[in-house]
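Protein chains in written order, with numbering that gives the first Met the number 0: chain A, 0 to 428; chain B, 0 to 327.
Here a beta-carbon is modelled for each residue, glycine too, at the ideal position from N, C-alpha and C.
The model shown is predicted, which means the values in this text are computed figures rather than measured ones.
Note sheet for the following structure.
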Amino acid sequence: MAEEIRMPKLGATMETGTIGTWLKKEGDRVQAGEPLLEIATDKITIEVEAPASGILLKTYYGPGDVVPVQEIIGYIGEPGEVVPDSPGAVFPAGDEIPQPSDGKIRATPAARAAARRLGMDLASVRGTGPKGRIQKEDVEAAYQQLQQQVKATPLAQKIAGKENIRLADVQGSGIRGKITRDDVEAAIAAKREASESGESRVQTRKVEGMRKIIGERMSQSAFTAPHVTLVTEIDMSAAVELRKQLLPIIEKKTGFRLSYTEIIMKAAALALKLHPAVNASLKGDHIIFHDHVHIGLAVAVPDGLVVPVVQDADRKGLAELTAECKTLARMARENKLTPDLLSGGTFTISNLGMYAVDAFTPIINPPESAILGVGRIHEKPVGVDGSIVLRPMMTASLSFDHRVMDGAPAGAFLTELKQLLEQPFQMLL
Amino acid sequence: MREITFLEAIREAMSQEMRTNPDVFIMGEDIGLYGGAFGVTNGMLEEFGPERVRSTPISEAAISGAAVGAALTGMRPILEIQFSDFITIAMDNIVNQAAKIRYMFGGKAQVPLVIRTPSGSGAGFAAQHSQSLEAWMVHVPGLKVVQPSTPYDAKGLLKAAIDDNNPVIFYEHKLLYRYKGNVPEEPYSIPLGVADVKREGRDVTIVATAIMVHRALEAAELLEREDGIRVEVIDPRTLVPLDEETIIRSVKKTGRLVVVHEAVKRGGIGGEIASIVAESEAFDYLDAPIVRLGGRPVPIPYNPELEKRAVPQVEDIVQAVRQLLNRA
């Protein structure tokens, strides 16, 4: 009996998941525990492991499809095992056909040739020959069925048939995604170009997975929340000294090296506690003032960005924050973050201080209402007590959602943050 | 066009050659007054005299040696071996001498010899007079092997065999001797190595030899009538040289191949044809396993019912095709 693959419930609040990329295709052999596909939640993409070993017999959904959790999205089983044509359907009754148990598919050379020509996967074809052998006409029938499942105009179908274009691979631009002649001709042209040019001059990559999520979330935030960005310069002399003294102690205690990120996070957390207007979210007609301070930390990962959340950052010491931030960052880079580690933030810090960036206008990470952008620390001439001296200066930029708060409370928060970082012993209060 | 029997067509081919070419003569056991075991040479003694229609002692070893010698010295002998089973006694002369001489003398000597010999079962001659041993001859480089199935083909192929400068083994199926068909009166030649599509079809190719061509055609008729299966029947006509191209082309069209011969299936020509197809570009067109039908690995029984059961019959071919198309 084939093993069901279900949309996993990756977080307490997860109700649907978006199919990202299938890392295996139908007909591929998979091992239990091997990455099978990527699921995109509203926060991240995550790899889902194969629940069993066998042949990936069926995948019901493609990239971008949104599927409720626990719904069957595919099957793994033995070659030739019959699985329903659609996720809701039940197993076809009776005529169990014995298939070779060695994992091979019983198909004639002509059927294999036809499958190659039509780009069909033999594992998805039902054989009607002796002993369930897949014959050429079975492949052609399955191909026809596939072609018909896809909505396409008769003309598009005809052209696709003539040019061996798999309609399932064509993106439809017509009404409700119907494939038109233009779509098929574009696909033919693309196919031809791909085969003629060998290598194309321009690299393209489909916007999908994490890239797509970031794009959607950032657009949504930037175009819905009226952003205001406040900027201040912070003298980091005392913070530099603090780090110098605490670094060996914390390293000895935790094995992790204290960085400015944790010091800034600690200061921001304390400032947020004092300025609840900034530690808020807009939900419908209501502004929610959070009684806890969960700070998200933007971490760059290959191909994108994730924001793991440090819970109750205001109540944690620098040693604990260091260990937690470093661990989350490593998990992010190794793509091991779970949705629970990515949700529940009330504020976000984005630190670009490792680059030659002085200041920037960060985009709020919804549903939060404010985000702190941190630039590099470098020595600048500043006026102190009537004379010009060099001080390690850092620019902090606070973007806030003007629907939730106004300039004054945001300014007060930023001022608080500046004072805490310039006189870090205040954090002991 | 006039209808004559297979046997008459062979006689006519020989007689017409002997009338025009004084080098051609026939020899064999009882071929003179008696007209041969099956009457193929009836009346030829009267027309050509005992010098050119030579009755020989009952020694295939001797007469095959004499025939090879005659061919080497410039004659074009036709040797009749009364039953193809007796070829075993002539084997050294055929395999080690006739087949090798042209090659070993660098083409300076040649053996333009035709050995005509009746083969096959179905006439109640039992185990020692009913075999189909053509695959042995196919295996030997230097020999050509002909297996006609119709009077027309028999006449044309025999002329081509006589005209050929290499030893040719010419198998005549006993059950075909009385089979009638249209045959032109004038001499004509059918090149060795050209198959004939006896019936066109698109669902399955049957390659059949000798008597099996007729059984395959009968089966094809029935399959079309009862199952709507359109069978293509190919008669290779010569096993060496074999017209591979026609077979491969047909299999590419139909995607299915059944090979039928009377000879024992094990080690038979069917395995060779199946392999040729599997090795060819037709492989990717195969939509079913290749099926061989051949004789059972038993001596041909004397009991007429068992004799029938020992080799493929029309119903065997029908059943094989139906199974192949999953219509059984």
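If you check the beta carbons only, do residue i and residue j fall under 8 Å apart?
i: K35 of chain A; j: P338 of chain A; result: Reading off the sequence, residue 35 of chain A comes out as Leu, not Lys. Not in contact: L35 of chain A and P338 of chain A (Cβ atoms no closer than 8 Å).
i: L229 of chain A; j: G343 of chain A; result: no
i: G303 of chain A; j: R210 of chain A; result: yes
i: I75 of chain A; j: P86 of chain A; result: no
i: R214 of chain B; j: Q130 of chain B; result: no
i: D152 of chain B; j: R265 of chain B; result: no
i: V310 of chain B; j: A281 of chain B; result: no
i: L55 of chain A; j: K24 of chain A; result: yes
i: I114 of chain B; j: I57 of chain B; result: no
i: P111 of chain B; j: A70 of chain B; result: yes
i: D311 of chain A; j: V292 of chain A; result: yes
i: L222 of chain B; j: R198 of chain B; result: no
i: I509 of chain A; j: V305 of chain A; result: Not covered by the structure: residue 509 of chain A. The range shown for chain A is 0 to 428.
i: I25 of chain B; j: E59 of chain B; result: no
i: E139 of chain A; j: A113 of chain A; result: yes
Examine chain B for any beta-carbon lying closer than 8 Å to the beta-carbon of residue i, and answer yes or no.
i: G118 of chain A; result: no
i: Q143 of chain A; result: no
i: A109 of chain A; result: yes
i: K8 of chain A; result: no
i: A140 of chain A; result: no
i: T326 of chain A; result: no
i: P129 of chain A; result: yes
i: K135 of chain A; result: yes
i: T15 of chain A; result: no
i: A112 of chain A; result: yes
i: F90 of chain A; result: Here F90 of chain A scores only 45 on pLDDT, less than 50, and its place in the model should not be relied on; the value that follows carries that caveat. Answer no: the Cβ-Cβ gap between F90 of chain A and chain B never drops below 8 Å.
Which residues does DSSP pair with residue i in a beta bridge?
i: Y170 of chain B; result: B:T116
i: M393 of chain A; result: A:I233 and A:I376
i: H475 of chain A; result: With chain A covering only 0 through 428, there is no way to say anything about residue 475 of chain A.
i: V212 of chain B; result: None, per the DSSP bridge assignment.
i: A299 of chain A; result: A:L304
i: R75 of chain B; result: B:V23
i: L430 of chain A; result: The structure shown does not extend to residue 430 of chain A, since chain A is modelled only from 0 through 428, so no value can be given for it.
How would you call residue i, buried or exposed, if buried means at least 16 neighbouring beta carbons within 10 angstroms?
i: D182 of chain A; result: buried
i: T203 of chain A; result: exposed
i: M17 of chain B; result: buried
i: I161 of chain B; result: buried
i: V257 of chain B; result: buried
i: Q134 of chain A; result: buried
i: T347 of chain A; result: buried
i: T223 of chain A; result: exposed
i: D400 of chain A; result: buried
i: N92 of chain B; result: buried
i: K173 of chain B; result: buried
i: V47 of chain A; result: buried
i: E306 of chain B; result: buried
i: R132 of chain A; result: buried
i: M278 of chain A; result: Sequence inspection shows Asn at residue 278 of chain A; the Met mentioned does not correspond to that position. Classification of N278 of chain A: buried, given that the 10 Å Cβ count is 16 or more.
i: V39 of chain B; result: buried
i: I316 of chain B; result: buried
i: N165 of chain B; result: buried
Got a sec: is the Cβ-Cβ distance from residue i to anything in chain A below 8 Å?
i: L285 of chain B; result: yes
i: N181 of chain B; result: no
i: Q318 of chain B; result: no
i: G254 of chain B; result: yes
i: Q322 of chain B; result: yes
i: F82 of chain B; result: no
i: F282 of chain B; result: yes
i: N302 of chain B; result: no
Legend entry - Runs of beta strand (DSSP E) wholly within the region 308 to 361 of chain A (minimum 3 residues, chain order): 346 to 350
Legend entry - Every unbroken beta strand (DSSP E) within the region 143 to 192 of chain B, with a cutoff of 3 residues, ordered by chain: 143 to 145, 167 to 172 and 179 to 181
Inset, instruction - May I have a chain-ordered list of the alpha helix (DSSP H) segments no shorter than 4 residues that lie completely inside the region 120 to 174 of chain A? - result: 135 to 148 and 153 to 162
Inset, instruction - Entirely within the region 4 to 66 of chain B and at least 4 residues each: give me those alpha helix (DSSP H) ranges in chain order. - result: 5 to 19 and 43 to 47
Legend entry - 4 or more residues per run - each alpha helix (DSSP H) lying fully within the region 13 to 58 of chain A: none
Inset, instruction - Would you list, in sequence order, the uninterrupted alpha helix (DSSP H) runs of no fewer than 4 residues that lie entirely inside the region 234 to 269 of chain A? - result: 236 to 253
Inset, instruction - Only counting runs of 4 or more residues, tell me where the alpha helix (DSSP H) segments fall wholly within the region 208 to 289 of chain B, in order along the chain. - result: 210 to 226, 243 to 253 and 268 to 278
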